[in-house]
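So the sequences go chain by chain: A and B.
The first sequence lines up with residues 1 to 332 when you count with our numbering.
The second sequence lines up with residues 1001 to 1332 when you count with our numbering.
There are 2 protein chains.
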Amino acid sequence: MSLTGSILEGNRLALARLLTQAENDSLEGRAALAELFQHTGKAHLIGVTGAPGTGKSSLVNQLALYYRKNADKKIAIVAVDPSSPFTGGAVLGDRVRMRDLSGDNSVFIRSMASRGSLGGIARKTASLVQIFDAAGYEIIIIETVGAGQSEVDVARLAHTTIVVEAPGLGDEIQAIKAGILEIADILVINKADRPGVENTERALRSTLELAHPTKRVVRHHGQSMSVSAPPTDSPMWIPSVIKTVATEGKGIDELAASIAKHVEYLQKSGDWEARDRARLGSEMEILLREALMDRFRENILPQKYDEMIENVINRNISPYEAVASLLNGKQT
Amino acid sequence: MSLTGSILEGNRLALARLLTQAENDSLEGRAALAELFQHTGKAHLIGVTGAPGTGKSSLVNQLALYYRKNADKKIAIVAVDPSSPFTGGAVLGDRVRMRDLSGDNSVFIRSMASRGSLGGIARKTASLVQIFDAAGYEIIIIETVGAGQSEVDVARLAHTTIVVEAPGLGDEIQAIKAGILEIADILVINKADRPGVENTERALRSTLELAHPTKRVVRHHGQSMSVSAPPTDSPMWIPSVIKTVATEGKGIDELAASIAKHVEYLQKSGDWEARDRARLGSEMEILLREALMDRFRENILPQKYDEMIENVINRNISPYEAVASLLNGKQT
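Shown next as structure tokens:
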């Protein structure tokens, strides 16, 4: 049977193989992705982001366990993990997770090192998500380890974005400055048994109120060429604030209830489709940028490019001028 | 006098105006940047990165104060700050800084909101740094607020990259997983008066040893078209570990000494030039990607693009196939 056929039939080994191919961006992987694409569009994508130390991984594990116990759904976890090549963080992370979720054939956990070119993280995350979607995983949790712009960009392209905070992680301003509150559909204060939880909650709630949350607008990744606004008569979603102690499983049922409520909102408001549309538009744009660059590379003499860089390094010409000259001199 | 002329003469108002234009990517800003570029290449660029809560801003302030007291140098701070549009984090951050450094005409602090397209952060940071460089700022500190991949990418394109850690910020694994240790030329353990500093130091040192640090290789941002390897007979730089309590000014002199030693190493080894080369190559590639996308946008009918997205959303065609079709069908 073909690789894609095996995946559609639920073969985990075939699935693992294609995930690796997609991460390595192999030609075979690309072909399989194209074949599988028609089977996508069914999964609920949940993005989870937040600063290191908030206990995101424990929370995601508990959420997966909860879904396994209370709903017969296949769950995939994609952990976008900027681990170092030498520390093997991804492997360690997987092992820690395995203790709770191992042996469950309806759960698939995949860590993805986020090293790579600009746009590479987002593109590869999108590929992995598509593969899981086609393979029949009904809930796909995208967990980002960092708290930077690119991680936030990845997480916010999900249907439901969960931002995790914790008390006592430095100043509350840090969290607010990180600019991630406004992308939250659900705000989780994890480690809620720690001192300072009231302060954290107060700070978060007042920031949310300050923001006068109006209807959430689906944003594109980067400059978009075509964004569809959600219907204007749609109901409004006000981000909920949930307190959890993930290590003890506390508050997970409330979190799951809030997620269910958000799914309902997404479907009623038309936001589900709007977000799908934004995500796919964003993915296409990333692919387009890569393809344009690839074509440029194929059509230019490396010497010409190196010459131009040399001119820039010697300050004979500015980078802007160099790029303009490369593009005008060459019919690509 | 022209805007660039005023800037070269040290006019702060003209400088502030051009910084804003560069951030907004105005045509006038681009023209001025091209004019100023020949005057760049003199400044020492110091990148400072680390997770939220490590006290990076205090450290950067103290370092700037130290340089002002002990060396007659002009100092610029570029804070890459993914602040939310509604919380005004950038403004708040500037005010906090101003208390220490206000009234000093040889210090210029600029916060830059990092929202924007892929590559936008890196490109705008590069522009701001070039303007300060041309304006005669001899030390330019690039401080990133987040701890994500794009922030790390920005910081590591400096001549000297400082990674800031602090005791008790969750598990040490978090810092290691963040994959930023390996880019550090200098590792700072700030808040070193806190409990747990010995554990943090031990963990960091053993990770550094695990890494068997060989000669640092200058990496390009993204897939590079041309990377110059540093000379193979160059001396080796082993990252130093410095403990500081920035709020009390402790350890700042040691940090400054380590930075001075690193500058010496950079000049002797040829790494200074290699990093300049890598940075400019990376900048050119980002500009090239933007320019290629701009040209594509200009040459395609918006309806055609929207049609293709519609086909993707309806799962008639995969994103890869859609992009291939757009590129083949159109001579751009």
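Cβ atoms here follow ideal geometry from the backbone N, Cα and C, with glycine treated the same way.
When DSSP builds the beta bridges, which residues end up paired with residue i?
i       : result
E1165/B : I1189/B
V80/A   : M112/A, T144/A
T160/A  : I46/A
V1107/B : I1075/B
Along chain B, which residues have their Cβ under 8 Å away from the Cβ of residue i?
i      : result
D276/A : I1313
K296/A : Checking the displayed sequence, the identity of residue 296/A turns out to be Phe instead of Lys. In chain order: L1288, L1292.
For residue i, which residues in chain B fall below 9 Å Cβ to Cβ?
i      : result
Y137/A : Per Cβ cutoff of 9 Å: no residues; Y137/A is ~17 Å from chain B at best.
Does the CB of residue i have a neighbour CB from chain A at under 8 Å?
i       : result
E1321/B : yes
G1041/B : yes
G1281/B : yes
R1216/B : Low confidence applies here, because R1216/B scores a pLDDT of 43, under 50, leaving its location unreliable and the question unanswered by this model.
S1084/B : Low per-residue confidence applies at S1084/B: pLDDT is 38, beneath 50, and the placement is therefore not dependable, though the value from the model is reported in the following sentence. With 8 Å as the cut-off, S1084/B counts as an interface residue toward chain A.
I1309/B : yes
R1194/B : no
L1033/B : yes
Nearest chain B C-beta to residue i closer than 8 Å, yes or no?
i      : result
A291/A : yes
L326/A : yes
T87/A  : Low local confidence applies: a pLDDT of 34 at T87/A is under 50, so the model's placement there is unreliable, and no value is given.
S106/A : no
R205/A : no
P52/A  : yes
V245/A : no
K330/A : Since pLDDT at K330/A reaches only 49, below the 50 mark, its modelled position is unreliable, and no value is offered.
My output table needs one value for residue i: the three-state DSSP class, helix, strand or coil.
i       : result
S1206/B : helix
S57/A   : helix
R1039/B : Here residue 1039/B turns out to be His, not Arg, going by the sequence shown. Helix.
G29/A   : helix
M1112/B : strand
L45/A   : strand
G1251/B : coil
G1050/B : strand
K1074/B : coil
S244/A  : Position check: residue 244/A holds Thr in this sequence, whereas Ser was assumed. In the structure shown, T244/A sits in coil (DSSP, three-state: anything other than H, G, I, E or B).
I1139/B : strand
R194/A  : coil
G1270/B : coil
S1002/B : coil
S1318/B : coil
A34/A   : helix
G120/A  : helix
R95/A   : Below a pLDDT of 50, predicted positions are generally treated as unreliable, and R95/A, at 44, falls in that range; the measurement from the model is reported next regardless. Correct three-state label for R95/A: helix.
R1017/B : helix
A1324/B : helix
Flag this pair as yes or no: are the beta carbons of residue i and residue j separated by less than 8 Å?
i       : j       : result
S1006/B : A1016/B : no
G1055/B : N1199/B : no
V1129/B : V1078/B : yes
I162/A  : V48/A   : yes
V164/A  : L45/A   : no
R123/A  : I300/A  : no
A1274/B : P1239/B : no
A335/A  : V1323/B : For residue 335/A there is no data in the structure shown, the boundaries of chain A being 1 and 332.
Using the beta-carbon of each residue, which ones in chain B are nearer than 7 Å to residue i?
i      : result
E165/A : Those within 7 Å of E165/A in chain B number zero; the least Cβ separation is about 11 Å.
M284/A : I1309, V1312, P1319, A1322, V1323
Can you list the residues of chain A that residue i reaches, using a CB-CB cut of under 9 Å?
i       : result
F1037/B : V312, R315, I317, S318, P319, Y320, E321
So, does the CB of residue i fall closer than 8 Å to a CB anywhere in chain D?
i       : result
R1030/B : You won't find chain D in this structure, because its protein chains are A and B.
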